[in-house]
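These protein sequence lines map, in sequence, to chains E and A.
For the first sequence, UniProt numbering begins at 1 and goes up steadily by one.
For the second sequence, UniProt numbering begins at 1 and goes up steadily by one.
Notes follow once the structure below has been shown.
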Amino acid sequence: MNKRSLILLEVVLIILAVIMLIPIYYLLVTTFKTPAEAALSPMGLPKVFMLDNYIKAFTAMNYPRALLNNVIVNVSSVSLLVAFSSMAAYVIARRPEKMYKRIYGIFMIGLMVPFQISLIPLYKVVSGLGVMNSLVGVILVSVFCINMSFSIFLFKGFINTIPFELEEAAAIDGCRKLRIYWVIVFPLLKPIIATVCILNALAVWNDFMTPLLFLQSPSKAVILLEVYKNVGPFSTDWTAFFPMMVLGVTPMVIFYLFMQRFIINGVVAGSVKG
Amino acid sequence: MKPEFTKTLRNNYVYLLMIAPALIGFSIFFILPTLMNFGYSLTNWSVYKPNYSFIGLKNFVGLFHDVQTTAAVKNSFIYAIVMTILQNILAIPLAVALSLKLKSANLLKTVFFAPAILSVLIVGYLWSFIMTSADHGLLNQLVQLFGLQPINWLGNPKLALFSVLFTQLWQWTGWAMVIYLANIQSIDESLYEAAKIDGANARHRFFRVTLPLLYPSVSFNVLMSMIGGLKVFDIIFSMTSGGPGYATETITTMLIRRGFTEGRTAYAAAFGVIFFLLVLIVSKAITWSFNKWEEKIS
């Protein structure tokens, strides 16, 4: 391609990018306006940047509490996923026995079959275990029902590519099996651990259906549930509701701004292995 | 127990211990509910009828005669297929363009990908405000700027599903693009040079070199967006909740409506079984056809 058409292409792409950002700009700019001003000039900058809308949203959503619940759910889910799926994937990748291949096959059903088909029995299982309406229930569903298969899939693909010699040497030196795993293998998994953490952090944070079905008490609500609860009462007053949406996406946006290179690489690593 | 088996077990117990937490958890929260679902689908259990009994395939017969089933399955497939086609048609050229040496390539990549990190629920709310039929919705203000009548984006049964779909394109095309971009960048430069020497123009180079070598990411993206499209829930829930009428009712929204809102539990379970079979057939078909493609080009 010659230089001029490259520049032309770049301009077209930049215009496209700006158009893509309009909804985000609109979301942000509305939060600082009065309802009248928002209806009159939806795209214009606000005359005065008023923060009242945010203060109201912050209290209506019980934001600190919801944020804390989100953090608890995310940190526990992601840690459990990394610990359990990496161990399981290690055994599956390293052991020759047929039994482990069969177990892997069972895990992979979870990749194909949407968990939504069995929501009602899942509801029974969760209440049967006494973890209904608790963060623990949401964590267990996120970890074992929704995200476990994909994490095992990613770990297994990665472990297949690392050479066996280090583990052998350690075994000859008399290192025990579990210790070999945690001391030798686990540190080698760093790149894929980063991918698993990022993809699961996004998936768990943005999952709405699980908390909707398994959390009812207001004190347990996560951020998305708070946004959902407020859409009814505030839907006529956009300028009051928009700040809730902004507060709802802010944690992930900050995460993205700091980690964007790793996030994009993680998404790519996750899918190229597929 | 046979002696060899106990021996393997003894050698293996640490490995069994390592796989146990994942396997036990997965069995309880995934395998067990799936099996239970098959069982419930053959009963008449509902929230209002705590004592349920075996009724065979009656639920399935009922489902085949339920107009909403047909609507939901049809909508889900239209949604998934159109979404898959449009998303890939948009993402591949974008990825090709960004693989050229542009100064702003990295920034553009970040911007195009950004919507994918937002929660689907909130994206749905935002776009339903933008699309609301009244004159003051942002999109209709834009439409009126061009001298056209305001359009009832979400209220028109013929249009609603596609309006929702457009929102998802806005959100997910960047995700697909990033995967294509990585794949394009891994293609050996010398292949293009060889093609150039053979007199291939840009169009030939795209269709004969780039596209065939993209098959790993095409197959991944197609599979992901088909399955993702079939199980779409959050975006429908927040933009139209299945309406107007049943115009945007999909398999998952109907499953939740029947099972949780209306309490017709066994009926929803049967619908779940049908969903299970549909997804299995679709993903097998996609995997099979991409394996054929792979054989053909290698």
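Note that CB positions come from ideal geometry on N, CA and C, so glycine has one too.
Keep in mind that this is a model prediction, so the values were computed, not measured.
Item to check | Whole-angstrom C-beta distance between S151 of chain E and N206 of chain E, which should lie under 8 Å | outcome: The pair is not a contact, with the Cβ atoms about 17 Å apart (cut-off 8 Å).
Checklist entry - Can you list, in chain order, the residues of its chain whose CB lies under 8 Å from that of M50 of chain E, leaving out five sequence neighbours each side? => result F32, K33, T34
Checklist entry - Hey, Y79 of chain A and L165 of chain A are a contact pair by Cβ (cut 8 Å); roughly how many whole angstroms apart? => result Right, the Cβ-Cβ distance comes to about 6 Å (below 8 Å), so this counts as a contact.
Checklist entry - Can you tell me whether A176 of chain A is buried or exposed, with buried defined as 16 or more other CB within 10 angstroms of its CB? => result Buried is the call here.
Next on the checklist: Considering only DSSP beta bridges, list what T43 of chain A is partnered with.
Outcome noted: A:F54
Next on the checklist: What would DSSP say about K49 of chain A, mapped onto helix, strand or coil?
Outcome noted: strand
Item to check | Buried/exposed call for residue 334 of chain A, threshold 16 Cβ in 10 Å | outcome: Residue coverage of chain A in this structure runs from 1 to 298, which leaves residue 334 of chain A outside it and unanswerable.
Item to check | G130 of chain E classed as buried or exposed, judged by whether at least 16 other C-beta atoms fall within 10 angstroms | outcome: exposed
Checklist entry - With a cut-off of 9 Å, does the C-beta of N221 of chain A fall near any C-beta of chain E? => result Interface residue, yes.
Item to check | Counted within 10 angstroms of its Cβ, other Cβ atoms place K231 of chain A as buried (16 or more) or exposed | outcome: Answer is buried; the Cβ neighbour count reaches 16.
Checklist entry - Does the beta-carbon distance from S104 of chain A to T250 of chain A come in below 9 Å? => result Not in contact: S104 of chain A and T250 of chain A (Cβ atoms no closer than 9 Å).
Next on the checklist: Using only the alpha-carbon positions, how far apart do S85 of chain E and T132 of chain A sit?
Outcome noted: 44 Å
Item to check | chain A contact for V113 of chain E (CB, 9 Å cutoff) | outcome: yes
Next on the checklist: Quick test of the definition: if touching needs 3 or more C-beta pairs under 8 Å, does the stretch 114-124 of chain A touch the stretch 221-232 of chain E?
Outcome noted: At 8 Å Cβ cutoff, the stretches touch.
Next on the checklist: Within a Cβ cutoff of 7 Å, which residues of the same chain sit near N69 of chain E, ignoring the five residues on either side of it in sequence?
Outcome noted: L135, K220, A221, V222
Item to check | Within chain A, the residues that V143 of chain E reaches when beta carbons sit closer than 7 Å | outcome: Residues of chain A passing the Cβ test: G25.
Next on the checklist: Less than 9 Å between the C-beta atoms of T43 of chain A and A266 of chain A, yes or no?
Outcome noted: yes
Next on the checklist: Just checking A194 of chain A against the ligand PLP - is the residue's beta carbon closer than 8 Å to any of the ligand's heavy atoms?
Outcome noted: No copy of the ligand PLP appears in this structure; indeed no ligand is present at all.
Checklist entry - Does any residue of chain A bring its CB to less than 9 Å from the CB of R176 of chain E? => result yes
Checklist entry - For the stretch 117-167 of chain E, which segments carrying the beta strand (DSSP E) assignment without a break, of at least 3 residues, lie completely within its bounds, in sequence order? => result none
Next on the checklist: Determine whether the beta carbon atoms of P211 of chain E and L202 of chain E lie at a separation below 9 Å.
Outcome noted: no
Checklist entry - Is any beta-carbon of chain A found at less than 9 Å from that of A241 of chain E? => result As written in the sequence, residue 241 of chain E is Phe, which differs from the Ala given in the question. Yes, its Cβ sits closer than 9 Å to a Cβ of chain A.
Checklist entry - Going by beta carbon distance, what residues of the same chain come within less than 8 Å of K124 of chain E, once the five residues before and after it are set aside? => result none
Checklist entry - Using a Cβ-Cβ cut-off of 7 Å (strictly less than) and excluding sequence neighbours within five positions of I227 of chain A, which residues of its own chain qualify? => result Exclusion of the five residues before and after I227 of chain A leaves V279, S283 as the residues of its chain whose Cβ lies within less than 7 Å of its Cβ.
Next on the checklist: In this structure, how does DSSP classify D237 of chain E when only helix, strand and coil are distinguished?
Outcome noted: coil
Checklist entry - What span of residues does the alpha helix (DSSP H) with L223 of chain A cover, start to end? => result 215-230
Checklist entry - Whose C-beta lies closer than 6 Å to the C-beta of A195 of chain A among residues of the same chain, with five residues either side of it excluded? => result Counting only Cβ-Cβ distances below 6 Å, and skipping sequence neighbours, we find R205, V209.
Checklist entry - Residues of chain E with a CB under 7 Å from the CB of residue 322 of chain A: which are they? => result Any property of residue 322 of chain A remains undetermined from this structure, which presents chain A solely from 1 to 298.
Checklist entry - Would you report the Cα separation of E294 of chain A and A285 of chain A, rounded to the nearest angstrom? => result 14 Å
Next on the checklist: Strictly below 8 Å CB to CB, what residues from chain A border I14 of chain E?
Outcome noted: S104, L108
Item to check | Among E:F242, E:I193, E:A240, the one whose alpha carbon lies nearest that of S79 of chain E | outcome: Among E:F242, E:I193, E:A240, the Cα nearest to that of S79 of chain E belongs to E:I193.
Checklist entry - Hey, is N12 of chain A's beta-carbon within less than 9 Å of any beta-carbon in chain E? => result yes
Next on the checklist: Using only the alpha-carbon positions, how far apart do M252 of chain E and G263 of chain A sit?
Outcome noted: 35 Å
Checklist entry - Are the C-beta atoms of M1 of chain A and some chain E residue less than 9 Å apart? => result Its pLDDT being 49, under 50, M1 of chain A is placed unreliably by the model, and nothing is read from it.
Next on the checklist: Tell me whether the stretch 93-108 of chain E and the stretch 147-163 of chain E touch, counting them as touching only if at least three CB pairs, one residue from each stretch, are closer than 8 Å.
Outcome noted: yes
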